[in-house]
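Residue numbers (my numbering): 1 to 140.
In structure tokens:
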């Protein structure tokens with residue numbers, strides 16, 4: 001099994017005062033070493049900025065160093081992903097999907113990943129597949 005790890009999950013792991021910290025920590029401990037984890041380069045940039053701006057540069061550096069020492073794979077955006085994200089953001093005009101959300105949806109679809117470690121409800125709203133009937137499975 002392979003799972004995408006979204007920005008909110010990483011942030012919850014790093015910020016001990018975050019509402020989701022305990023849930024994130026328990027779930028991460030459960031899956032670490034047992035499940036392949038991925039992030040996108042857009043998630044990496046987003047979490048770096050979020051950690052640096054809210055918790056300080058040291059927290060951002062600690063996250064990046066931890067990521068470097070794991071087997072978590074960073075998936076880079078392609079032109080296809082950018083085009084698909086553009087289509088998504090212009091299709092779901094009633095939603096506040098971010099650039100990172102849309103590119104992550106695209107990469108997950110392209111790689112056939114249906115599970116995501118997230119606390120972001122946008123992953124429940126977006127639909128994919130031939131007839132746009134499938135939804136991602138949000139964990140925990």
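Each residue gets a CB set at the ideal place from its N, CA and C atoms; glycine is no exception.
Where residue 47 is concerned, the enclosing alpha helix (DSSP H) starts and stops at 41-54. Rounded to the nearest whole angstrom, the C-alpha separation of residue 14 and residue 5 is 13 Å.
If you check the CB distance, residue 89 and residue 99 come in under 9 Å. About 6 Å separates the Cβ atoms of residue 114 and residue 137, confirming a contact at the 8 Å cut-off. Separation of residue 24 and residue 83 (C-alpha to C-alpha, rounded to the nearest whole angstrom) is 32 Å.
Bridge partners of residue 134 according to DSSP: 128. Among the bridge pairs identified by DSSP, residue 2 is matched with 36. In this structure the region 60-74 lies against the region 31-41, because at least three pairs of beta carbons, one per stretch, are closer than 8 Å.
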